[in-house]
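Asks: Structure incoming, see below.
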Amino acid sequence: MAIEMTPPLWGLAIFILWAIAIVILLLAVRIRHLSTGGAVKDFGIQNEESLLWRLLRVHANLIENLSLYAAVVLLLTVRGVSGTAINLLVMAYIVFRLVHSIIHIAGFDPKFRVLSFAIQLGCLVALTTLAVL
Numbered sequence: 156m157a158i159e160m161t162p163p164l165w166g167l168a169i170f171i172l173w174a175i176a177i178v179i180l181l182l183a184v185r186i187r188h189l190s191t192g193g194a195v196k197d198f199g200i201q202n203e204e205s206l207l208w209r210l211l212r213v214h215a216n217l218i219e220n221l222s223l224y225a226a227v228v229l230l231l232t233v234r235g236v237s238g239t240a241i242n243l244l245v246m247a248y249i250v251f252r253l254v255h256s257i258i259h260i261a262g263f264d265p266k267f268r269v270l271s272f273a274i275q276l277g278c279l280v281a282l283t284t285l286a287v288l
């Protein structure tokens with residue numbers, strides 16, 4: 156029995172594709188770094204000025220948040236919870252997850268990243284609450 160692609164599942168698919176895109180970008184930046192004489196040990200050096208470091212952090216953030224979002228989607232799907240509120244919360248969550256990554260990659264003011272994360276967290280809490288009620 157196939158389950159219909161709902162907005163939460165589409166959100167999960169978008170999240171996964173974004174994570175894959177970030178891995179590809181991270182790989183490209185690592186290869187460029189090594190091909191221009193950089194060392195592998197540079198990959199782990201904390202430096203917010205470094206695109207390599209920011210991409211590594213974006214990837215870690217995505218993986219940390221993917222499991223939480225996937226668990227909420229599982230709850231929503233198994234319980235058959237849906238509706239306009241769910242769809243809007245999912246859309247907001249995914250949009251601000253992408254915005255968070257873009258802000259981090261671009262090296263913009265971290266305050267905007269924190270705001271984006273706070274919105275995501277609010278959406279996740281609301282989705283979880285709606286899933287279990």
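The sequence shown maps to residues 156 to 288 in this note's numbering.
Glycine is no exception: its CB is placed at the ideal position from the N, C-alpha and C atoms.
Keep in mind the model is a prediction, meaning the values are calculated, not measured.
As a quick exercise: from L211, L231, P265 and T191, pick the residue whose alpha carbon is nearest that of F198.
Replies: Among L211, L231, P265 and T191, the Cα nearest to that of F198 is on L211.
Asks: Along the alpha helix (DSSP H) that carries T232, what are the first and last residues, could you check?
Replies: Where T232 is concerned, the enclosing alpha helix (DSSP H) stretches over L206 to R234.
Asks: Rounded C-beta distance between H214 and I177? I'm assuming under 8 Å.
Replies: About 5 Å; that satisfies the 8 Å criterion.
Asks: Using 10 angstroms around the beta-carbon of G235, count the other beta-carbons present and answer buried if the total reaches 16, otherwise exposed.
Replies: Label assigned to G235: exposed.
Asks: Are the segment 232-249 and the segment 275-282 touching, with three or more C-beta to C-beta distances below 8 Å?
Replies: Counting Cβ pairs under 8 Å, three or more are found: they touch.
Asks: If you follow the alpha helix (DSSP H) that F272 is part of, which residue opens it and which one closes it?
Replies: P265 to V287 is the extent of the alpha helix (DSSP H) around F272.
Asks: Give me the Cα-Cα distance between S205 and V195, rounded to the nearest whole angstrom.
Replies: Approximately 14 Å, taken between the alpha carbons.
Asks: So is I260 in contact with chain C if we call contact Cβ pairs under 9 Å?
Replies: Chain labels in this structure do not include chain C; a single protein chain is all it has.
Asks: Near L167, which residues of its chain fall below 8 Å by C-beta distance, leaving aside the five closest residues on each side in sequence?
Replies: Taken in chain order, the residues that qualify are Y224, A225 and V228.
Asks: Among the candidates L172, N202, A174 and L207, whose CA atom is the shortest distance from the CA of V188?
Replies: In the sequence under discussion, the amino acid at residue 188 is His, which differs from the Val named in the question. Cα-wise, what sits closest to H188 is L207.
Asks: Taking the alpha-carbon positions, what's the G262 to R209 distance?
Replies: Approximately 8 Å between the Cα atoms of the pair.
Asks: Starting from F170, follow the alpha helix (DSSP H) in both directions and report where the run begins and ends.
Replies: Unbroken alpha helix (DSSP H) run through F170: P162 to S190.
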